[in-house]
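Before any comments, here is the structure.
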Amino acid sequence: MQTLENTPVLVHAGPFGNIAHGNSSIVADLVGIRGGDYLVTEAGFGADMGAERFFNIKCRTSGLHPDAAVLVATVRALKAHSGRFKIVAGRPLPPELLEENPDDVLAGAENLRKQIDNIRVHGVSPVVAINAFPTDHASEHAAIREIAESFGARAAVSTHFTDGGRGGVELAEAVAEAAEEPSDFRLLYPDDASLRDKIEAVATKVYGAANVEYDLIASRQLDSYERNGFGDLPVCIAKTHLSLSSDPTLKGAPSGWTLPVRQVRASVGAGFIYPICGDMRTMPGLSSSPAAERIDIDEHGEIVGLS
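With the sequence shown counted from 1, adding 363 to any position gets you the working numbering.
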């Protein structure tokens with residue numbers, strides 16, 4: 364397909380990021396690389412999940428290595444990670460979170476710092492994309508840029524949502540510059556590490572956990588997978604996307620916590636083992652009345668039901 368600005372795009376299907384890697388297919392990437400100077404591909408959720416899986420599952424399988432990685436940051440996300448606001452799923456955001464306050468943005472700096480580190484631990488250059496909303500304030504964008512640059516990462520404001528392609532020029536230039544730097548890509552663990560060692564490498568080096576605790580059933584499942592020859596598969600840890608930890612209420616970059624592994628399942632055909640950590644849904648779904656039921660085209664050819 365092509366965009367409204369005549370840019371070619373590959374519309375692909377990918378697995379959910381809750382119990383799978385949340386990346387596009389290797390085939391889509393190979394086609395994209397052959398068709399353009401730069402390939403931009405997405406990894407679902409934060410860098411602790413999407414990027415880690417992209418590096419250690421997808422890159423391990425494909426042999427492709429990224430030249431740069433983009434961390435998408437928003438004013439609201441950093442304010443949420445400040446720990447100063449009570450945010451409840453399905454309810455309106457606190458009004459004070461939407462007010463101009465760069466100090467609240469700076470208070471969420473540790474989360475962005477850890478995600479920058481999560482890119483660097485794999486030997487890739489990070490670029491922080493400040494995803495601008497029309498309701499944002501310039502002082503808060505400046506705060507995100509200050510955080511990123513204080514940790515040695517490039518940062519660029521992107522207004523592509525409101526301004527189209529021209530709104531992404533600054534970001535594109537920053538990414539192209541980062542991609543020219545020498546790359547020292549490295550995996551987090553070797554194929555022949557034990558499944559427990561793989562889980563613990565991700566938990567301690569990426570999530571910031573102090574240790575890992577296994578329920579009895581999880582320990583038995585790990586032993587069974589290794590006995591049956593699946594110990595060389597990478598791990599795809601299933602946990603909440605709302606925190607670096609397995610507890611969605613812990614914001615910022617928590618430390619000293621324990622990753623609880625409740626059970627471990629195998630996606631042998633897909634090529635990974637997925638431990639389930641904490642209390643989470645393994646299959647997201649639509650409500651009983653999805654929004655799609657209210658979207659239609661009227662007699663004048665106008666789309667209705669989008670708002």
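All C-beta atoms, glycine included, are put in the ideal place defined by N, C-alpha and C.
### Query
What three-state label does DSSP hand threonine 366 in the structure shown?
Taken through DSSP and simplified to helix, strand or coil, threonine 366 comes out as coil.
### Query
Which whole-angstrom value is the C-beta distance of proline 638 and alanine 581, which I expect to be below 8 Å?
Right, the Cβ-Cβ distance comes to about 7 Å (below 8 Å), so this counts as a contact.
### Span of the alpha helix (DSSP H) around asparagine 474
Per DSSP, the unbroken alpha helix (DSSP H) holding asparagine 474 starts and ends at 472 to 483.
### Task
Report all residues from its chain with a CB closer than 8 Å to the CB of valine 627; omit the five preceding and five following residues, and keep chain order.
Answer for valine 627: Leu558, Ala581, Gln584, Leu585, Tyr588, Ile636, Tyr637, Pro638 and Ile639, listed in chain order.
### Query
Just how far apart, CA to CA, sit glycine 395 and alanine 431?
Whole-angstrom Cα-Cα distance: 16 Å.
### Query
Would arginine 416 be called buried (16 or more neighbouring beta carbons within 10 Å of its own) or exposed?
It is buried - the Cβ of arginine 416 has at least 16 other Cβ atoms within 10 Å.
### Task
Quick one: measure Cβ to Cβ for valine 532 and leucine 551, integer angstroms, because I've assumed they're closer than 8 Å.
By a beta-carbon distance limit of 8 Å, valine 532 does not contact leucine 551. Their separation comes to about 34 Å.
### Query
By Cβ distance below 7 Å, which residues in the same chain neighbour glycine 668 in space, the five residues on each side in sequence not counted?
So the list reads Arg657, Ile658 and Asp659, once near-sequence residues are dropped.
### Task
Count the other CB atoms, across all protein chains shown, that sit within 10 Å of the CB of serine 502; report buried if there are 16 or more and exposed otherwise.
With fewer than 16 other Cβ atoms within 10 Å, it is exposed.
### Alpha carbon of lysine 442 to alpha carbon of histidine 663, nearest angstrom
The alpha-carbon atoms of lysine 442 and histidine 663 are separated by roughly 43 Å.
### Opening and closing residue of the beta strand (DSSP E) in which proline 638 lies
635 to 640 is the extent of the beta strand (DSSP E) around proline 638.
#### Entry: Residues that arginine 657 bridges to, as DSSP identifies them
According to DSSP, residue pairing for arginine 657 in a beta bridge does not occur.
### Task
Provide the residue span of the beta strand (DSSP E) that contains isoleucine 510, from first to last.
It is not in any beta strand (DSSP E) - isoleucine 510 instead sits in the alpha helix (DSSP H) that spans 501 to 513.
### Segment contact flag, the segment 462 to 482 with the segment 605 to 619, C-beta cutoff 8 Å, min 3 pairs
With the cut-off at 8 Å, the segment 462 to 482 and the segment 605 to 619 touch.
### Query
Within the chosen definition, does the segment 485 to 493 reach the segment 531 to 545 through at least 3 CB pairs nearer than 8 Å?
At 8 Å Cβ cutoff, the stretches touch.
### Task
Please check the pair glycine 399 and serine 387, which I expect to be a contact at CB under 8 Å, by giving their CB distance rounded to whole angstroms.
With a Cβ gap of about 15 Å, glycine 399 and serine 387 do not count as contacting.
### Task
Would you kindly work out how many angstroms separate the C-alpha atoms of threonine 332 and glutamine 365, rounded to a whole number?
Absent from the model: residue 332. The displayed extent of the chain is 364 to 670, so no value can be given.
### Residue span of the beta strand (DSSP E) that contains leucine 563, given as start and end
The sequence shown places glutamate at residue 563, rather than the leucine named in the question. It is not in any beta strand (DSSP E) - glutamate 563 instead sits in the alpha helix (DSSP H) that spans 558 to 565.
### Message
Check for me: the alpha helix (DSSP H) holding serine 582 runs from which residue to which?
### Response
Note, serine 582: alpha helix (DSSP H), 579 to 590.
### Message
Quick check on tyrosine 401: buried or exposed, where buried means 16 or more other Cβ atoms within 10 Å of its Cβ?
### Response
With fewer than 16 other Cβ atoms within 10 Å, it is exposed.
### Query
Alpha carbon to alpha carbon, how far is leucine 607 from glycine 380?
So the alpha carbons of these two residues sit roughly 15 Å apart.
### Query
Of the residues Asp555, Glu665 and Val484, which one's Cα is nearest the Cα of threonine 567?
The residue with the shortest Cα to Cα distance from threonine 567 is Val484.
### Message
To the nearest angstrom, how far is the alpha carbon of valine 487 from that of phenylalanine 548?
### Response
Roughly 6 Å between the two C-alpha positions.
### Query
For the candidate residues Pro611, Ser445 and Gly634, whose alpha-carbon lies nearest to that of glycine 594?
Closest in alpha carbon position to glycine 594, among Pro611, Ser445 and Gly634, is Gly634.
### Task
Could you tell me which residues DSSP pairs with isoleucine 493 in its beta bridges?
Ala436 and Val520.
### Message
Measuring straight from C-alpha to C-alpha, what distance separates isoleucine 666 and valine 451?
### Response
Their Cα atoms are separated by approximately 31 Å.
### Task
Sort out for me which residues DSSP pairs glutamate 576 with in a bridge.
BP columns for glutamate 576 point to Pro623.
#### Entry: Delimiting residues of the alpha helix (DSSP H) encompassing glycine 615
It is not in any alpha helix (DSSP H) - glycine 615 carries neither H nor E in the DSSP assignment.
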